[in-house]
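J.:
Protein chains: 2
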Amino acid sequence: MNFCSHCGSPLEFRIPEGDSLPRHVCPACGTIHYQNPKMVVGCIPEWEDKVLLCKRAIEPKYGLWTLPAGFMENGETTAEGALRETWEEAGARVELGPLYTLFNLPHIDQVYFMFRARLLDLDYQPGIESLEVRLFAEHEIPWDQIAFRTVKASLELYFRDRANGGFGFHIGDIRAPSGVLQPGLVVPIATAAAVKE
Amino acid sequence: MNFCSHCGSPLEFRIPEGDSLPRHVCPACGTIHYQNPKMVVGCIPEWEDKVLLCKRAIEPKYGLWTLPAGFMENGETTAEGALRETWEEAGARVELGPLYTLFNLPHIDQVYFMFRARLLDLDYQPGIESLEVRLFAEHEIPWDQIAFRTVKASLELYFRDRANGGFGFHIGDIRAPSGVLQPGLVVPIATAAAVKE
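Keeping their order, the protein sequence lines are chains C and S.
Each number in the working numbering corresponds to the 1-based position in the first sequence with 78 added.
Each number in the working numbering corresponds to the 1-based position in the second sequence with 78 added.
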């Protein structure tokens, strides 16, 4: 960030009065340009014992598999964003269920939100950001070709919860560089016993 | 948004190739300036049968009461942001509990996240954004002087859940102009019976 998006003047990077962090500040018009984390919203579309994955047609992670998800847009809710991304990437109509995972990725300023979802029909087809869309049973999941750690972690939790007979709500932090999932605040209501279906 | 923050050239507002929504695009350097919703993170600090509220020393809603909460910063998790805001606004040390409410406010491009929290001591004091910080029992809550609908809704759910003997996790949408809370996707695991404490 070099120039003020409001007036076009060169920016300074300093701590504004009354603030505690350095910001991009415009010395000409006074605008403070805050930068905040972005939300990524998506879902796990279920059909019988299978889940729907998309093979990415774009970088990063071209050719690897992911759940339908993308940046939440202004003017929409988390659920509306997840439905939109599922339609755009997989051409799939789903009924959203409960929010299933929330992953913080503080090293890249993102927070992921994955809903559970029920695929409404089999008329899915790849959108322009996908090479292929297909259903996978658990034993078919290409674990070494999953695009993102958030997606891998969501799928691992999903199959573990399913085997245990109930789905919870999971919060976790995924930090660089180790890539190890830190359970962080795992919401205590997310016990298999409490939410058996 | 008038000028490119990267190169300083005047921006165009148009749909980029392969996109479906108009964006601020720089015709000189090609940068696309996406704008996305912001996350607001905070908590409900509990002490015995009371909760901690802050009287706002800044606009908007100067002089009205709120829960400690603010914009999540780059480089932190939702929980870290809630702890930071609680310290900055209320000078309060808390132990965070589970995520309690998630409210979408699509008309102002914000999503609110409120955790439950346990106040660790009574050494709280107003930060520079607060005029006063104090504990309120349920019957003392100044319902007609609450700054934000997200805060009012979180407190209403909190006292209702507490009376029912258990806390869940609630998702809702708050839309303009009616201001009516739409339950939206209320997560089914958030039943009092399942999470009785």
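We put the CB at the ideal spot given by N, CA and C, even for glycine.
#1: So with Cβ pairs under 8 Å, would you call CYS104 (chain S) a contact of chain C?
#2: Assuming contact is defined by CB atoms lying nearer than 8 Å, are ALA168 (chain S) and GLY141 (chain S) in contact in what I supplied?
#3: If you draw a straight line from the C-alpha of PHE226 (chain C) to the C-alpha of GLN223 (chain S), how long is it?
#4: Taking 8 Å as the threshold (beta carbon to beta carbon), is ASP127 (chain S) in contact with chain C?
#5: Please return the same chain residues whose Cβ sits closer than 7 Å to the Cβ of MET79 (chain S), not counting the five positions on each side in sequence.
#6: Since THR228 (chain C) contacts PHE181 (chain C) with CB under 8 Å, what's their CB separation in whole angstroms?
#7: For SER83 (chain C), decide whether its Cβ has a neighbour in chain S, counting only Cβ atoms nearer than 8 Å.
#8: For a cutoff of 8 Å on Cβ pairs, would you count THR164 (chain C) as touching chain S?
#9: So, with DSSP's three-state summary, where would you put TYR140 (chain C)?
#10: Enumerate, from N- to C-terminal direction, the unbroken alpha helix (DSSP H) stretches of 4 or more residues contained entirely within the stretch 126 to 180 of chain C.
#11: To be precise: take each residue of the stretch 219 to 233 of chain S, compare its Cβ to all Cβ atoms of chain C, and keep it if any distance is under 7 Å. Which residues remain?
#12: Show which residues of chain C have a CB atom less than 7 Å away from the CB atom of VAL189 (chain S).
#13: If you follow the beta strand (DSSP E) that SER208 (chain C) is in, where does it begin and where does it stop?
#14: Does any CB atom of chain S fall closer than 8 Å to the CB of TYR112 (chain C)?
#15: Is MET192 (chain C) near PRO115 (chain S), with beta carbons less than 8 Å apart?
#16: Compare the C-beta of ILE206 (chain S) with all C-beta atoms of chain C and state if any pair is closer than 8 Å.
#17: With GLU67 (chain S) as the anchor, note down where its beta strand (DSSP E) starts and where it stops.
#18: Please name the residue or residues paired with TYR190 (chain S) in a DSSP beta bridge.
#19: DSSP state of ARG101 (chain S), grouped into three classes?
#20: Mind checking TRP143 (chain S): buried by the 16 CB within 10 Å criterion, or exposed?
#21: Looking at chain C, is there any beta carbon in it that lies within less than 8 Å of the beta carbon of ASN242 (chain S)?
#22: LYS274 (chain C): buried (16+ other C-beta within 10 angstroms of its C-beta) or exposed?
#23: Please identify the residue among C:VAL172, C:VAL211, C:LEU209 whose C-alpha is closest to the C-alpha of ALA195 (chain C).
#24: Could you tell me whether any Cβ in chain A is nearer than 8 Å to the Cβ of GLY120 (chain S)?
#25: Which bits of chain C does ASN108 (chain S) rub up against, with CB to CB less than 7 Å?
T.: Straight from the coordinates:
#1: No, because no Cβ of chain C sits closer than 8 Å to the Cβ of CYS104 (chain S).
#2: No. Outside cutoff.
#3: 45 Å
#4: no
#5: LEU89, HIS102, HIS111
#6: For a cut-off of 8 Å, the C-beta gap from THR228 (chain C) to PHE181 (chain C) is around 5 Å, short enough to register as a contact.
#7: yes
#8: no
#9: If DSSP states are grouped into helix, strand and coil, TYR140 (chain C) belongs with coil.
#10: 156 to 168
#11: Here the close residues number zero.
#12: MET117, THR156
#13: 208 to 214
#14: yes
#15: No, the pair does not count as a contact, with Cβ atoms beyond the cut-off.
#16: yes
#17: The requested residue 67 (chain S) is not part of the displayed model; chain S covers only 79 to 275.
#18: S:VAL118, S:PHE181
#19: strand
#20: buried
#21: no
#22: In this prediction, LYS274 (chain C) has a pLDDT of 27, which is less than 50 and means its spatial position is unreliable; nothing more can be read from the coordinates.
#23: C:VAL172
#24: In summary, chain A is missing from the structure at hand, where the protein chains are C and S.
#25: A quick correction: the sequence has Gly, not Asn, at residue 108 (chain S). Within 7 Å Cβ-Cβ: nothing; GLY108 (chain S) doesn't reach chain C, min ~15 Å.
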